[in-house]
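Enquirer: Residue numbers (this note's numbering): 205 to 335.
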């Protein structure tokens, strides 16, 4: 989709396009953009039981890890990685807003398209967030 068409879309539509594109490029099992308080913004996810409980749990893990960083040496959190039995989960903070991305990673995922330009991607996402 070209930039002219993007300007005609609402912020949520733009975010949905960004998230769908990331999921496809990285071959993820899922990707969720959420507010820090656990409210979902955009969900592109397969095969998660109890999704209504999953997102607040991820938000809670993010807040706990932020507190841990502050307690240990005053560091800011950038990402959390949890390796589960059949899948991995990466939680990435977005710059400028209280939002984060949750990536559901499978054995065929390629995170390079997301991680190599994450700062730019994070700003692009933040530009479309309405608080």
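From the three backbone atoms N, C-alpha and C, an ideal C-beta is built for every residue, glycine too.
(1) How is the alpha helix (DSSP H) around residue 233 delimited, first residue to last?
(2) Can you give the Cα-Cα distance for residue 263 and residue 327, rounded to whole angstroms?
(3) Which of the three DSSP states is assigned to residue 248 in this structure?
(4) Can you say whether residue 218 is buried or exposed, counting buried as having 16 or more other CB atoms within 10 angstroms of its CB?
(5) Can you tell me which of 331, 268, 223 and 301 puts its alpha carbon nearest to the alpha carbon of residue 239?
(6) From residue 336 to residue 259, what does the alpha carbon distance come to, in whole angstroms?
Expert: Based on what the coordinates show:
(1) Counting along the chain, residue 233 sits inside no alpha helix (DSSP H), nor does DSSP assign it H or E at all.
(2) Each residue's alpha carbon lies about 20 Å from the other.
(3) In the structure shown, residue 248 sits in a strand (DSSP, three-state: E or B).
(4) Using a 10 angstroms sphere on the CB of residue 218, the tally of other CB atoms reaches 16 or more, which defines it as buried.
(5) Residue 239 has its Cα closest to that of 301, out of 331, 268, 223 and 301.
(6) With the chain represented from 205 up to 335, any question about residue 336 goes unanswered, as that position is not in the structure.
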